[in-house]
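Novice: What follows is a structure written as structure tokens; I'll ask about it next.
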Ligand SMILES: [Zn+2]
């Protein structure tokens, strides 16, 4: 056993033999006095790798807590480890607010990765600084351009005008836009055209015109509503009045009202942040004030009851309003949309997701991480990171998607998904990529990018038709199955909304940066310009049609920084090779890590990266007898 004190609480961590359930695990108890009484608090670890026995030690060093233990995982000179030849392991240790210990994840990497920091360690480069070069991604952006232009903003805004008492300028669209989810697409559309503007996919300024006129129109609507509201939900005024009066059960009788409004909240945010429209910021703040007025009279119990119905990422977007304004009342408002019954198990590393509607959960976890990043809340960060781990490792199929018929299946049984028409939903992966970006900013580890790459190429890029624009809702994993693409002006599913947004975001995660570090995450042909520092990085490749990429630097003056190039999980140890100006570099990297090259870079420097791919198979997470074939990160499919 190991005894230590943290704050006013004593901890005893010890090797526990659970009768009839060997091998040992580490458990712990706490007490307010060293003499007890002691209260059992649960397990800190699982059982050790390659052995029966495990023992603990705990220290605090420079404000960070560490957990030592041993297993038998290390082999030496061909001799395997085991009970009698033990390996020392070290992990970061984290605590919950109530003093309980967060169970550790036993990893090979231990503390060689960075400690979880809710603050952002790394920033993604601004979308406006990245331009895609010719590739299947730029072709998909063109398809998206056509799809977006095919829509009439007056029809998208018709539900908003109607709720404000105006005559619509054109009839509303049908499908989900007239079936209870009125107005959701206009929010997605604002996000989509703003992202296209930022990513340079608005060469004639048509999206800029549309964005400005839609925001002006919404400004009139908001003024006519008189209370900051901006929604297209039928009978909006009476409905939200009843909610404000405490009739929260009404939420469940409509089609996800907060989810619907969240799209307009996010659209206004993106119109400001990506589209650069200052009026959108004012509308957003007014809308957030309406939200505050609407829920201010509700008790926390009523709020939690209401959060049982899908609410999108209301916590995220309100946290963004806090980040924009610095006004803490929006942070408090954001926190009211944290659903405790979903968050608390995750904070304690418990996966209770089976059976839940999948895409209802992912956006609120994005909000969880967003609030963690803004407030250095390690508990929330831990929960969001655990959610990602369990969804990616236990609940996702080979192309990065999750869910069957929109719900999380039993991770031990994927048989339903194999036979179901409704396989993974595109929205889920759209949201998982956003979550991955945020977690990467807190902790820039290559595993996040390995997942992102897999899901981006195989699910997101594949969810838009390259020549006959349209988006996919479900990507079934049923053998020999087909996919259905949306048609412009006829389909207004959720996945059409997120599908419109995806291409504008293709450049978002290719690069990242911190003080004197530049990360090359993805091998997508592109050009990154930093006008302020006077440099350009151009990435030229036909990847994945060729197993290499080339980076060229244009610098106005020599600059010392570290170039971190991802060694993907699918490149075998020793196969990853880097040449700078034709000279081989000695790089120490392993699969799923970064090769760091620090030097004084000069204008014209060229970096060649070899990324040998190999054919391999992957089973479903339940281990059943279905395999997918992959070449590098690309899932292979049979031609039609
Ligand atoms: Zn969807």
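Numbering (our numbering), first residue to last: 152 to 791.
Yeah, the Cβ is synthetic: ideal placement off N, Cα and C, and Gly gets one too.
Every value quoted in this text rests on a predicted model; they were computed, and no experiment measured them.
(1) Is the beta carbon of residue 556 within less than 7 Å of some heavy atom of ligand 1?
(2) Can you tell me whether residue 227 is buried or exposed, with buried defined as 16 or more other CB within 10 angstroms of its CB?
(3) Taking 7 Å as the cut-off, is the beta-carbon of residue 510 closer than that to any non-hydrogen atom of ligand 1?
(4) Going by beta carbon distance, what residues of the same chain come within less than 8 Å of residue 491, once the five residues before and after it are set aside?
(5) Straight-line CA distance for residue 642 to residue 775?
(6) Report yes if the CB atom of residue 275 is closer than 8 Å to the CB atom of residue 659, and no otherwise.
(7) Quick check: does the Cβ of residue 400 come within less than 7 Å of any heavy atom belonging to ligand 1?
(8) Around ligand 1, which residues pass a check of Cβ closer than 5 Å to any of its heavy atoms?
(9) Would you identify the three-state DSSP class for residue 462, choosing helix, strand or coil?
(10) So, for residue 766: in the same chain, excluding its five sequence neighbours on each side, which residues have a beta-carbon less than 6 Å away from its beta-carbon?
(11) Given residue 358, which residues of its chain have a CB within under 6 Å of its CB, disregarding the five upstream and five downstream residues?
(12) For the alpha helix (DSSP H) holding residue 649, just list the boundary residues, first then last.
(13) Leaving out five residues on either side along the sequence, give the residues of the same chain with a beta carbon under 7 Å from the beta carbon of residue 601.
(14) Since I believe residue 334 is in contact with residue 383 (beta carbons under 8 Å), could you give me their beta-carbon distance rounded to a whole number of angstroms?
(15) Can you find the residues in the same chain that come closer than 6 Å, C-beta to C-beta, to residue 484, ignoring five residues on each side of it along the sequence?
(16) Alpha carbon to alpha carbon, how far is residue 675 from residue 285? Give it in angstroms, no decimals.
(17) With a floor of 4 residues, list each alpha helix (DSSP H) that falls wholly inside the segment 422-494, ordered by position along the chain.
(18) Check this for me: beta carbons of residue 760 and residue 769, under 8 Å apart or not?
(19) What is the DSSP secondary structure of residue 139, counted as helix, strand or coil?
(20) With 16 other CB atoms within 10 Å as the buried threshold, where does residue 269 fall?
(21) DSSP three-state label for residue 759, please.
(22) Tell me which same chain residues have a C-beta within less than 6 Å of the C-beta of residue 198, skipping the five on either side of it?
(23) Could one say the Cβ of residue 166 lies closer than 8 Å to chain B's Cβ atoms, at least one of them?
(24) With H, G and I counted as helix, E and B as strand and the rest as coil, what does DSSP make of residue 182?
(25) Quick one: what's got a C-beta closer than 7 Å to residue 508's C-beta in the same chain, skipping five residues either side?
(26) Using a Cβ-Cβ cutoff of less than 6 Å, which residues in the same chain neighbour residue 154 once the five nearest sequence positions on both sides are dropped?
(27) DSSP state of residue 269, grouped into three classes?
(28) Please classify residue 632: is it buried, with 16 or more other beta-carbons within 10 angstroms of its beta-carbon, or exposed?
(29) Relative to the C-alpha of residue 340, which candidate in 579, 301, 593, 717 has its C-alpha closest?
(30) Return the first residue and the last residue of the beta strand (DSSP E) that residue 665 is part of.
(31) Report the CB separation of residue 221 from residue 205 in whole angstroms; it is logged as a contact under 8 Å.
(32) At a cut-off of 7 Å, is residue 740 close to ligand 3 when judged by its beta-carbon and the heavy atoms of the ligand?
(33) Ignoring anything shorter than 4 residues, give me the alpha helix (DSSP H) runs that lie fully in the segment 332-385, in order along the chain.
Specialist: The short version:
(1) no
(2) exposed
(3) yes
(4) 455
(5) 36 Å
(6) yes
(7) no
(8) 576, 578, 645, 646
(9) coil
(10) 782
(11) 344, 347, 348
(12) 645-652
(13) 719, 720, 743
(14) 2 Å
(15) 443, 469
(16) 9 Å
(17) 429-446, 451-457, 465-476, 479-487
(18) no
(19) Outside the modelled stretch of the chain, which goes from 152 to 791, sits residue 139, for which no answer is possible.
(20) Because residue 269 carries a pLDDT of 46, less than 50, the predicted location of this residue cannot be relied on, and no value is offered for it.
(21) strand
(22) 174, 176
(23) Looking for chain B here will not work: only one protein chain is present.
(24) strand
(25) 461, 557, 558
(26) 163
(27) Bear in mind that the predicted position of residue 269 carries a pLDDT of just 46, short of 50, making it unreliable; the figure below should be weighed with that in mind. DSSP places residue 269 in coil when its eight states are reduced to three.
(28) exposed
(29) 301
(30) 662-665
(31) 6 Å
(32) With respect to small molecules bound, the structure shown includes ligand 1 and not ligand 3.
(33) 335-349, 357-376
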